[in-house]
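Protein chains: 2
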Amino acid sequence: MKVAMLGAGNVATHLSKALIRSGNPVVQVWSRSEENAVDLALKIGANSITDFATIADDVDLVIIAVSDDAIAPISSLIPQKNNRIIAHTSGSTDISVLSRHPKTAVLYPLQTFSKNVELDFKNVPLCIEGADVETENLILKLAEKLSNKVERVSSSDRMLLHISAVFACNFTNYFYTVSQELLEESSLSFDLIKPLIFETVNKIADNLPQDVQTGPAKRNDEQTLAKHLKILENKPALQELYRLISQNIVKKYVEAESSAK
Amino acid sequence: MKVAMLGAGNVATHLSKALIRSGNPVVQVWSRSEENAVDLALKIGANSITDFATIADDVDLVIIAVSDDAIAPISSLIPQKNNRIIAHTSGSTDISVLSRHPKTAVLYPLQTFSKNVELDFKNVPLCIEGADVETENLILKLAEKLSNKVERVSSSDRMLLHISAVFACNFTNYFYTVSQELLEESSLSFDLIKPLIFETVNKIADNLPQDVQTGPAKRNDEQTLAKHLKILENKPALQELYRLISQNIVKKYVEAESSAK
Numbered sequence: 003m004k005v006a007m008l009g010a011g012n013v014a015t016h017l018s019k020a021l022i023r024s025g026n027p028v029v030q031v032w033s034r035s036e037e038n039a040v041d042l043a044l045k046i047g048a049n050s051i052t053d054f055a056t057i058a059d060d061v062d063l064v065i066i067a068v069s070d071d072a073i074a075p076i077s078s079l080i081p082q083k084n085n086r087i088i089a090h091t092s093g094s095t096d097i098s099v100l101s102r103h104p105k106t107a108v109l110y111p112l113q114t115f116s117k118n119v120e121l122d123f124k125n126v127p128l129c130i131e132g133a134d135v136e137t138e139n140l141i142l143k144l145a146e147k148l149s150n151k152v153e154r155v156s157s158s159d160r161m162l163l164h165i166s167a168v169f170a171c172n173f174t175n176y177f178y179t180v181s182q183e184l185l186e187e188s189s190l191s192f193d194l195i196k197p198l199i200f201e202t203v204n205k206i207a208d209n210l211p212q213d214v215q216t217g218p219a220k221r222n223d224e225q226t227l228a229k230h231l232k233i234l235e236n237k238p239a240l241q242e243l244y245r246l247i248s249q250n251i252v253k254k255y256v257e258a259e260s261s262a263k
Numbered sequence: 003m004k005v006a007m008l009g010a011g012n013v014a015t016h017l018s019k020a021l022i023r024s025g026n027p028v029v030q031v032w033s034r035s036e037e038n039a040v041d042l043a044l045k046i047g048a049n050s051i052t053d054f055a056t057i058a059d060d061v062d063l064v065i066i067a068v069s070d071d072a073i074a075p076i077s078s079l080i081p082q083k084n085n086r087i088i089a090h091t092s093g094s095t096d097i098s099v100l101s102r103h104p105k106t107a108v109l110y111p112l113q114t115f116s117k118n119v120e121l122d123f124k125n126v127p128l129c130i131e132g133a134d135v136e137t138e139n140l141i142l143k144l145a146e147k148l149s150n151k152v153e154r155v156s157s158s159d160r161m162l163l164h165i166s167a168v169f170a171c172n173f174t175n176y177f178y179t180v181s182q183e184l185l186e187e188s189s190l191s192f193d194l195i196k197p198l199i200f201e202t203v204n205k206i207a208d209n210l211p212q213d214v215q216t217g218p219a220k221r222n223d224e225q226t227l228a229k230h231l232k233i234l235e236n237k238p239a240l241q242e243l244y245r246l247i248s249q250n251i252v253k254k255y256v257e258a259e260s261s262a263k
């Protein structure tokens, strides 16, 4: 397939490279920032464009890899054309926002991309969807050339998957930041806690996370919970989070256990 | 040193094995549950005891590795003796709860232990403290035989470290559980999201977590945040957490950025 990439951010960059490696050339790049479009186009040997009307006639697939809010407006500016698939890459955007086009699809890579961190795209789970069977099969075939982990996922399931990812990835990274900032206050190094972080993740490689929960809330160790809340008194936002999450954990483990007795 | 271990849980078990490997025999084991004491004693070739008065005269170090609430009562039951160090292993318990004894210390392993997961204790950060210089140096020397990562940490810093660990380890594991439960609802496999979880942690091996934050809150993508909150409507506890953490992230990244302009 010949591809036009709309977007030049982290997803657009990593996806473009993977497409090219799989023998599907990205021939045109557009970005809200012309400079970024030129940069990415140069990197991958494509042409940069500034006008959606100049998307080449022989492009088979237009990928919209931009921020969620921009998908619908960009879709409305792309000329309709019968034999071209329009796809977006968003976790939380229904496939129907593309519906003015005859063939539409979704190609959602479930991974966290950073500009300067190289990734083996073959291991990135790709969640795909097509508005019709033929289109879905075409996107499935393409996706299987890009990754070893391809799943058909509906728009509503994809949204739940994205929310899951926010908890398991974005919010956990925020808690690493909280941890780092607390340690800085006592001039302790964040490195001190890294073995604990890595081991926490190692454990879920082979166990369900609910089976390896530890900590004062899991034990309903009220004395320790009270001490921690007291220390966080001058950080009300963190104190509130500590209280709520601990309550949830106590509810899940301690109350469930006592009602089972 | 000859050691008596009071406690037979995860910390007591892993610490006992590490002590023995380092040439410091654990000769006696006590536990609230006699059965557990006998079990651990058998495993490590020690004697189990049921009465603190029978702690042998030649024991140099008594380690209290029990739940935080039980440390003070147990300390008060241990006969006072001049040349014996009494130590606990808790993150959030001040060394002063042991102060009726002449020599006291803390040996806090900053790691998450599970019964059946073997661990290289040499890589477990050990935070140590002694109530007097001589005792602290003795505990430091012992700790350095057990681990390559030993730090002197005061009781108040140790508490902050423990709170950091709750956020970075216990709460993140809880969020893995949340993620797993959301995926189960849509009959998607938790395995689908594991590459994302592992990559999130990989990124902080070489970067500060605050520099690799991603997600809708980081971008202040209001449309997506609103969609996610709507989906979580029938899960008020999760919805509240989603709202609060997203607000914190927006505050940290978006508001900080706009006030810097």
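Protein sequences, first through last, are from chains A and B.
Numbering (this note's numbering) for the first sequence: 3 to 263.
Numbering (this note's numbering) for the second sequence: 3 to 263.
Just so you know, even glycine gets a beta-carbon here, dropped at the ideal spot from N, CA and C.
Return the CA-CA distance between residue i and residue j, expressed in angstroms with no decimal places.
i                   : j                   : result
arginine 34/B       : tyrosine 178/B      : 32 Å
glutamate 131/B     : isoleucine 233/A    : 20 Å
valine 256/B        : glutamine 249/B     : 10 Å
serine 78/A         : leucine 100/A       : 8 Å
phenylalanine 192/A : isoleucine 206/B    : 10 Å
serine 92/B         : asparagine 85/B     : 22 Å
valine 155/A        : valine 126/B        : 41 Å
threonine 56/A      : phenylalanine 200/B : 40 Å
lysine 147/B        : glutamate 186/A     : 28 Å
leucine 190/B       : valine 61/B         : 55 Å
alanine 239/A       : alanine 14/B        : 35 Å
leucine 246/A       : arginine 221/A      : 16 Å
glutamine 241/B     : leucine 198/A       : 28 Å
glutamine 225/B     : glycine 217/B       : 13 Å
valine 168/B        : valine 214/A        : 14 Å
Answer yes or no: the CB of residue i versus the heavy atoms of the ligand SAH, is any distance below 8 Å?
i               : result
isoleucine 88/A : The ligand SAH is not among the ligands present in this structure, which contains no ligands whatsoever.
Run the CB neighbour count on residue i, radius 10 Å, all protein chains shown included, and call it buried at 16 or more, exposed below.
i                : result
glutamine 30/A   : buried
asparagine 175/A : buried
leucine 140/B    : buried
glutamine 265/A  : Look at the range of chain A in this structure, 3 to 263, and you will see that residue 265/A is not part of it.
asparagine 172/A : buried
arginine 160/B   : buried
proline 75/A     : exposed
valine 108/B     : buried
lysine 253/B     : exposed
valine 28/A      : buried
What do you reckon, are the CB atoms on residue i and residue j nearer than 9 Å?
i                : j               : result
valine 180/B     : serine 166/A    : yes
threonine 137/A  : isoleucine 80/A : no
leucine 128/B    : valine 152/B    : yes
isoleucine 46/B  : serine 24/B     : no
serine 149/A     : alanine 20/A    : yes
isoleucine 73/A  : threonine 95/A  : yes
leucine 42/A     : alanine 6/A     : no
alanine 89/B     : valine 64/B     : yes
leucine 243/B    : leucine 184/A   : no
asparagine 12/B  : serine 116/B    : yes
isoleucine 195/B : alanine 219/B   : no
leucine 144/B    : asparagine 26/B : yes
glutamine 212/A  : glutamine 182/B : yes
proline 111/A    : histidine 16/A  : yes
valine 203/B     : valine 203/A    : yes
aspartate 223/A  : serine 69/B     : yes
Between which two residues does the beta strand (DSSP E) holding residue i run?
i               : result
isoleucine 65/B : 63–66
leucine 8/B     : 5–8
With respect to the alpha helix (DSSP H) encompassing residue i, which residues constitute its N-terminal and C-terminal limits?
i                : result
methionine 161/A : 157–167
glycine 72/B     : The sequence shown places alanine at residue 72/B, rather than the glycine named in the question. Here the alpha helix (DSSP H) through alanine 72/B covers 70–79.
leucine 231/A    : 224–233
isoleucine 22/B  : 12–23
leucine 185/B    : 174–187
asparagine 204/A : 196–208
isoleucine 141/A : 135–148
isoleucine 247/B : 238–252
Which residues does DSSP pair with residue i in a beta bridge?
i               : result
glutamate 153/A : Cys129/A
threonine 106/B : Ile88/B
asparagine 49/A : Gln30/A
proline 218/B   : Paired residues: none, contrary to the question.
proline 111/B   : Leu128/B
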